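Residue numbers (the numbering used here): 339 to 454. We treat Cβ as the ideally placed atom computed from N, Cα and C, and that holds for glycine. Quick caveat: nothing in here was measured; it's all calculated off a predicted structure.
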């Protein structure tokens, strides 16, 4: 086997009940029930630790209606959750020019207030 060949984690198994089984480095096989918004295939390049299992939603563009240019895209946003980590709540993930940030409910309300 070539030394430069990438390591690929085992493909997750789709179970009859709709769950997915992910092989992890620290907890063996973990059965994952996805929330309805999760579009992640749960395939990983390297086998994850249990706490690294991630639910992600389909990203959408956050828009702002500007007087000068009309609707303008600002950033790509979506939901993300690490259900087995020490932060199991759902976060709003926002892509920025510098990478991405995750904000909880308070930050999401502050950063993206609902129009009144």
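- Contact annotation, residue 361 with residue 370: C-beta distance approximately 11 Å; criterion of less than 8 Å not satisfied.
- By the criterion of a C-beta distance shorter than 8 Å, residue 414 is surrounded in its chain by 397, 398, 399, 400, 432 and 433, once the five residues flanking it on both sides are discounted.
- Residue 415 sits in a strand when the DSSP states are folded into three classes.
- Relative to the Cα of residue 411, the nearest Cα in the group 402, 348 and 424 belongs to 402.
- Residue pairing for residue 358: DSSP places it in a beta bridge opposite 352 and 370.
- Residue 388 has its alpha-carbon roughly 11 Å from the corresponding atom of residue 424.
- One thing to note: residue 427 has its Cβ no nearer than 9 Å to the Cβ of residue 393.
- Rounded to the nearest whole angstrom, the C-alpha separation of residue 350 and residue 374 is 18 Å.
- Comparing alpha carbon positions, the residue from 376, 381 and 390 closest to residue 417 is 376.
- Of the residues 347, 353, 354 and 386, the one whose Cα lies closest to the Cα of residue 364 is 386.
- Separation of residue 383 and residue 348 (C-alpha to C-alpha, rounded to the nearest whole angstrom) is 9 Å.
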